[in-house]
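Peer 1: Before I ask anything, let me first share the structure, which is written out below as structure tokens.
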Amino acid sequence: MKTTLLPQLQVFLVAARLKSFSAAARELGVSPAAVSLSVRQLEEQLRVVLFARTTRSMSLTDAGRRLMEGAGPALSQALASLTEVSAQPGEVVGRLKLTVPEVAVPFVITPVLPAFRARHPRVEVEVVAENRLVDIVAEGYDAGVRLHEALERDMVQVRLTDGFRFVVVGAPSYLERHGTPQRPEDLLRHECFTIRMPSSGGLYAWELERGSRNWRVPVRGGVVTNNRELTLALVEQGLGLAYASEPAVKEQLRTGRLVRVLEAYAPTVPGFFLYFPSRAQRSEPLRLFVETAKELAARPWGER
Numbered sequence: 046m047k048t049t050l051l052p053q054l055q056v057f058l059v060a061a062r063l064k065s066f067s068a069a070a071r072e073l074g075v076s077p078a079a080v081s082l083s084v085r086q087l088e089e090q091l092r093v094v095l096f097a098r099t100t101r102s103m104s105l106t107d108a109g110r111r112l113m114e115g116a117g118p119a120l121s122q123a124l125a126s127l128t129e130v131s132a133q134p135g136e137v138v139g140r141l142k143l144t145v146p147e148v149a150v151p152f153v154i155t156p157v158l159p160a161f162r163a164r165h166p167r168v169e170v171e172v173v174a175e176n177r178l179v180d181i182v183a184e185g186y187d188a189g190v191r192l193h194e195a196l197e198r199d200m201v202q203v204r205l206t207d208g209f210r211f212v213v214v215g216a217p218s219y220l221e222r223h224g225t226p227q228r229p230e231d232l233l234r235h236e237c238f239t240i241r242m243p244s245s246g247g248l249y250a251w252e253l254e255r256g257s258r259n260w261r262v263p264v265r266g267g268v269v270t271n272n273r274e275l276t277l278a279l280v281e282q283g284l285g286l287a288y289a290s291e292p293a294v295k296e297q298l299r300t301g302r303l304v305r306v307l308e309a310y311a312p313t314v315p316g317f318f319l320y321f322p323s324r325a326q327r328s329e330p331l332r333l334f335v336e337t338a339k340e341l342a343a344r345p346w347g348e349r
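57 is the number that this note's numbering gives to position 12 of the sequence shown; each next residue is one higher, with no gaps.
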């Protein structure tokens, strides 16, 4: 009896990952009513409630979460196996879904993805660039990219880049008009571009360090945005200061369009790491992506 529920299970997993029946319907190419019917049939056969639904939102129940965590990876592996049997000898086919913070895209995705696709054209890659912390198992990702300090301890970790600094930067024109901060607390008197944290909803406090001492400065300004390109464009126009990874502003620093501020307080982070659950190591597409990423992303920043 349970094997007859596989189509409904697949629909449930898509709806659970997207947290929306309408979004699941768009991905599956069916109507929202068809998604709702499949989930209801699955709930009736299992005699459990999988989603807590209101007119405005939906979330997984405990039973739904357990089903997603248990069945999601297994069904993905089964579907991948069905695809793999159609491959020619030596050819790898499959699908790879990655979650990556936007700041990491130019350094660990842009240099890697073209070569990976050229080598393995039958591996479909989906990259979701967003800045929130993602539960890759619960949300159906094969792997993710994070800074080392944000990694979960039970994950396999693969270094992709060298360590780098986060620096405060500003345009010479801004510093001429407003002066150059000499201490972290001086930033409180300056126009600063910051971001709103997706997890807490609060504004990000700039992290600085010198020796054994650390600062979290609650900077403020007239513009809040999580778009790096917009922030740097405004900073280059002399409208304020920004906090950025040093590799992301390498060219602006080289040409003098931006200069470092409070450089003695710039914190260093170990770099970006690819992470994934241990059972994901059985995935051939992931193994090959790791191999390509280690080759093309793990280089000194100065070589880019």
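For glycine and all other residues, C-beta sits at the position ideal for the given N, C-alpha and C. Nothing here was measured: the structure is a model prediction, and the numbers come from that model.
(1) State the DSSP-derived secondary structure class of Arg349, mapped to helix, strand or coil.
(2) Report the residue from Ser218, Glu329, Ser257 whose alpha carbon sits nearest the alpha carbon of Gly285.
(3) May I ask you to report which of helix, strand or coil DSSP gives Ser67?
(4) Going by the CB atoms, is the gap between Gly185 and Ser328 shorter than 9 Å?
(5) How should Val94 be labelled, buried or exposed, when 16 other C-beta atoms within 10 angstroms of its C-beta is the threshold for buried?
(6) Could you tell me whether the Cβ atoms of Phe321 and Gly208 are closer together than 9 Å?
(7) How many angstroms separate the CA atom of Gly247 from the CA atom of Val306?
(8) Helix, strand or coil for Thr239, going by three-state DSSP, please let me know.
(9) Between the beta-carbon of Ala174 and the beta-carbon of Val212, is there less than 9 Å?
(10) Take Pro330 as the anchor and find which of Pro312, Leu341, Glu169, Lys295 has the nearest alpha-carbon.
(11) Under a three-way DSSP split, which group does Tyr249 fall into?
(12) Quick check: the Cα distance between Arg234 and Lys295, rounded to an integer number of angstroms?
(13) In whole angstroms, what separates the C-alpha of Trp260 from that of Arg110?
Peer 2: Result, derived from the coordinates:
(1) Summary for Arg349: the model assigns pLDDT 43, below 50, so the residue's position carries little reliability; its value from the coordinates is reported in the next sentence. Looking at Arg349 - three-state DSSP - the assignment turns out to be coil, as it is neither helix nor strand.
(2) Ser218
(3) helix
(4) no
(5) exposed
(6) no
(7) 24 Å
(8) strand
(9) no
(10) Glu169
(11) coil
(12) 26 Å
(13) 38 Å
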